[in-house]
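Protein chains: 2
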Amino acid sequence: MAKEMNYEPNPHASSLRRQKSKTIAVVIPEIANNFFTLAINGIESVAQEKGYHVLIYLTHEDYPREVSFLKHLHNGRVDGLLMSLSSTTTDYTHLTELQTKDIPVILFDRVSDAINTIKITTDDYDSGYQATRHLIEMGCDKIAYLMISKSLSIGTKRMEGYIQAMKDHDLSIEKEWIIYGSNDNEENLQMVCNLLKGSNRPNGLFASVERLAISAYQACEQLSLRVPEHVKIISFSNLEIAAWLNPSLTTITQPAFDMGQKAATILFKALEKKSFTITDETIILKSTLNVRKSTGG
Amino acid sequence: MAKEMNYEPNPHASSLRRQKSKTIAVVIPEIANNFFTLAINGIESVAQEKGYHVLIYLTHEDYPREVSFLKHLHNGRVDGLLMSLSSTTTDYTHLTELQTKDIPVILFDRVSDAINTIKITTDDYDSGYQATRHLIEMGCDKIAYLMISKSLSIGTKRMEGYIQAMKDHDLSIEKEWIIYGSNDNEENLQMVCNLLKGSNRPNGLFASVERLAISAYQACEQLSLRVPEHVKIISFSNLEIAAWLNPSLTTITQPAFDMGQKAATILFKALEKKSFTITDETIILKSTLNVRKSTGG
DNA sequence: CTGTTAGCGCTTTCAG
DNA sequence: CTGAAAGCGCTAACAG
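Heads up: the sequence lines are chains A and B, in that order.
Each residue of the first sequence is one higher than the last, beginning at 1384 in this note's numbering.
Each residue of the second sequence is one higher than the last, beginning at 1384 in this note's numbering.
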């Protein structure tokens, strides 16, 4: 009636009374990365449709910050949480404590089996295997793996795929070919440079995350190594524009938007229907190996 | 005291009572774009420091959605708003109405002089001029301009720079060289293709936003035109990785992170200090013309 | 079916 | 300086 005169109910009063806020939190490690950007896009699209609001928190791969954020969510600020773990997180009590307070937590991409909830990932083992096999088929026989974190499934599973592919093709892996990246890009660049300057220089690099691919390209540039003539690089990355700009860029693309949508859809279903319970299962979406044939722009 | 037993006050009760939510909204056109990604990063960094929460809304360049979002913010959900206008927005009453309710609105990047508030932009005219001059210096004499929106300052000011640079170098601008991009990337691609297939084919393309640069590269690829041999392209873009992957990519980089930080800092100052009033002024940050010399990876 | 009322959990104020 | 009480604006429950 008089609501045409721009009336809008006070959401805090409403949230207070109804004990639900129609708001969810999205906690992710970073955003300067096309994967998480697309995931947020997917999440936001579902949130709009369902009338939910989306709070964003960036951990910058920092565990204490992650804990601090989750603490702030304990008392009804949000109805649920979508999360991708920081690479420095190894303890998950901050997650289980939230669950104890009946705030559902759904993990995507960077998940851990140690947490009892629905997890949405991509086929990390398979795509790690395929990426490695692709490098081998392109002629690489000395392939280094740029690792993100030992505690994240994406780090270990992708590496398992890499190791298996090497094994299946009777290729050995030198110890120094497995690089453990940190949050410091400068440091990562140095490590890759050292790797490429070493006596046993690999002719293929497999970057397990986008950030490490950048370090790989930078290192090649710094050492005047041509990609792909001297070193072939493959990486997990969702940089569509980068692929347009460099046909030599071979990537594994994850269905980031879909993952975001899927995670959000499940979360909202859990929030709306009491009958819907969150099980302890992992939903696996399929990644795509992108090899560009044409010469591009 | 007993707060060590994981006590966290209910934020809605607190917000209701104190009439402030310690939450801000960020309304932007899109996020699959490194500029806005970096801006969010900047905003979020300040928000973390000041203990604010950040709600994200994506308009997807859709005016009705923008209006709808702002309506939802009318009753105390947020203390303030950081915003970049959608390209389809031409009426600003939804903004002024928010201001009427004492919710400060600060605009960044996509601003309009018609709105009385602090606006943070980059030196759009200057950088448009410099980008065009750069193409001219690289040998282009027929330069097309890929436009985003007539109602946005970034569209018009950058174009003014382009026009002036052409004039200053005694180059004429054909009518068909100014392309008005839409939200439909497929459509944009078609328009650029038609432009490049036309009789009066330009040898330089100036993309006023990142999205149009992608269309430009795609069009060149589709028509087997080499960049930069056949057509040179310059664009506004913050894609660091893309620059690493293609040395021919010449860009104008905006200080996106700084803009986000600046906008957020001003907003929080306005929220905390009553004495601080929001004036009607435009703060202009400097963009950078990036020309890569080395041959890259 | 319409109108009144209690109370969500906090903060601020005012009384003791 | 400590403790009780009122009230923020809404919604759910209940009475008329």
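Cβ atoms here follow ideal geometry from the backbone N, Cα and C, with glycine treated the same way.
Beta carbon of residue 1564 of chain A, beta carbon of residue 1526 of chain A: below 7 Å? Against the first sequence, residue 1564 of chain A aligns to sequence position 181. Against the first sequence, residue 1526 of chain A aligns to sequence position 143. No, Cβ-Cβ distance for residue 1564 of chain A and residue 1526 of chain A is not below 7 Å.
What is the DSSP secondary structure of residue 1661 of chain B, counted as helix, strand or coil? For the purposes of this step, residue 1661 of chain B is identified with residue 278 of the second sequence, where counting begins at 1. Note: residue 1661 of chain B maps to coil in three-state DSSP.
Looking only at C-alpha atoms, which of A/1500, A/1496, A/1538 sits nearest to residue 1485 of chain A? The residue labelled residue 1485 of chain A in the question sits at position 102 within the first sequence. Answer by Cα proximity: A/1500.
Can you tell me which residues form a DSSP beta bridge with residue 1408 of chain A? Start at 1 with the first residue of the first sequence, and residue 1408 of chain A comes out as number 25. Per DSSP, A/1438, A/1464.
In terms of residues, what are the limits of the beta strand (DSSP E) holding residue 1581 of chain B? The residue labelled residue 1581 of chain B in the question sits at position 198 within the second sequence. Unbroken run through residue 1581 of chain B: none, as it is neither H nor E.
Going by CA-CA distance only, name the one from A/1545, A/1435, A/1591 that's closest to residue 1470 of chain A. As a first step, residue 1470 of chain A is located in the first sequence; it is residue number 87 there, counting from the start. Of the listed residues, the one whose Cα sits closest to residue 1470 of chain A is A/1591.
Which of helix, strand or coil DSSP assigns to residue 1679 of chain B: Here residue 1679 of chain B corresponds to residue number 296 of the second sequence, with the count starting at 1. With a pLDDT of 37 at residue 1679 of chain B, under the threshold of 50, the modelled position of this residue cannot be trusted; read the value that follows with caution. Residue 1679 of chain B falls in the coil class under three-state DSSP.
Could you work out which residue in B/1538, B/1454, B/1518, B/1584 is closest to residue 1552 of chain B when comparing CA atoms only? To locate residue 1552 of chain B, count along the second sequence from 1; it is residue 169. It is B/1518.
Can you tell me whether residue 1541 of chain B is buried or exposed, with buried defined as 16 or more other CB within 10 angstroms of its CB? Residue numbering aside, residue 1541 of chain B sits at position 158 when the second sequence is read from its first letter. That one is buried.
Give the straight-line distance between the Cα atoms of residue 1601 of chain A and residue 1571 of chain A, rounded to the nearest whole angstrom. Along the first sequence, read from residue 1 onward, the residue named residue 1601 of chain A stands at position 218. Along the first sequence, read from residue 1 onward, the residue named residue 1571 of chain A stands at position 188. Those two C-alpha atoms are separated by around 10 Å.
Using a Cβ-Cβ distance cut-off of 7 Å, determine whether residue 1627 of chain B contacts chain A. Locating residue 1627 of chain B in the second sequence gives position 244, where the first residue counts as 1. With 7 Å as the cut-off, residue 1627 of chain B counts as an interface residue toward chain A.
Only counting the same chain, and skipping five residues up and downstream in sequence, which positions put a Cβ closer than 8 Å to that of residue 1644 of chain B? Sequence index remark: in the second sequence, residue 1644 of chain B carries index 261 (1-based). If we look at residue 1644 of chain B and ignore the five residues flanking it on each side, its Cβ neighbours are 1425, 1426, 1428, 1429.
Which complete beta strand (DSSP E) runs does the stretch 1596-1638 of chain B hold, if anything under 3 residues is left out? 1615-1619, 1633-1636
Give the residues from the stretch 1413-1447 of chain B that approach chain A closer than 7 Å (Cβ to any Cβ), ordered along the chain. 1414, 1415, 1420, 1421, 1423, 1424, 1427, 1436, 1437, 1438, 1439, 1441
Taking only beta carbons into account, state which residues of the stretch 1541-1554 of chain B come closer than 9 Å to chain A, listed in chain order. none
Please report the straight-line C-alpha distance between residue 1624 of chain A and residue 1595 of chain B, rounded to a whole angstrom. For this step, residue 1624 of chain A is matched to residue 241 along the first sequence. For this step, residue 1595 of chain B is matched to residue 212 along the second sequence. The alpha-carbon atoms of residue 1624 of chain A and residue 1595 of chain B are separated by roughly 11 Å.
First and last residue of the uninterrupted alpha helix (DSSP H) at residue 1545 of chain A: For the purposes of this step, residue 1545 of chain A is taken as residue 162 along the first sequence, with counting starting at 1. Per DSSP, residue 1545 of chain A belongs to the alpha helix (DSSP H) from 1536-1551.
Pick out whichever of B/1649, B/1665, B/1668, B/1667 has its Cα sitting closest to the Cα of residue 1659 of chain B. What you label residue 1659 of chain B is simply residue 276 of the second sequence in a count that begins at 1. Among B/1649, B/1665, B/1668, B/1667, the Cα nearest to that of residue 1659 of chain B is on B/1649.
Looking at residue 1444 of chain B and residue 1566 of chain B, is the spacing between their C-beta atoms short of 7 Å? To locate residue 1566 of chain B, count along the second sequence from 1; it is residue 183. To locate residue 1444 of chain B, count along the second sequence from 1; it is residue 61. A contact, by the Cβ cut-off of 7 Å.
8 Å CB neighbourhood of residue 1421 of chain A in its chain, flanking five on each side removed: Taking the first residue of the first sequence as position 1, residue 1421 of chain A is located at position 38. The residues are 1621, 1639, 1640, 1643.
Is DSSP giving residue 1416 of chain A helix, strand or coil here? Translated into positions along the first sequence, residue 1416 of chain A becomes position 33. Three-state DSSP puts residue 1416 of chain A in coil, outside helix and strand.
Hey, quick one: how far does the beta strand (DSSP E) through residue 1403 of chain B stretch, first residue to last? The sequence position of residue 1403 of chain B within the second sequence is 20, counting from 1. No beta strand (DSSP E) holds residue 1403 of chain B; DSSP gives it neither H nor E.
Quick one: is residue 1611 of chain A near chain B, going by C-beta distance under 7 Å? One-based indexing of the first sequence puts residue 1611 of chain A at position 228. Chain B, which has no Cβ nearer than 7 Å to the Cβ of residue 1611 of chain A, makes this no.
Within-7 Å CB hit, residue 1457 of chain A to chain B: Working through the first sequence from its first residue, we reach residue 1457 of chain A at position 74. Chain B, which has a Cβ nearer than 7 Å to the Cβ of residue 1457 of chain A, makes this yes.
Please confirm whether residue 1600 of chain A has its beta-carbon closer than 7 Å to some beta-carbon of chain B. In the first sequence, counting from the first residue as 1, residue 1600 of chain A sits at position 217. By this cut-off, residue 1600 of chain A is an interface position.
Minimum C-alpha distance to residue 1434 of chain B - residue among B/1505, B/1456, B/1462, B/1410: As a first step, residue 1434 of chain B must be located in the second sequence, where it is residue number 51. Comparing Cα positions, the closest option is B/1462.
Ranges of the beta strand (DSSP E) found wholly within the stretch 1554-1581 of chain B, counting only runs of at least 3: 1561-1563
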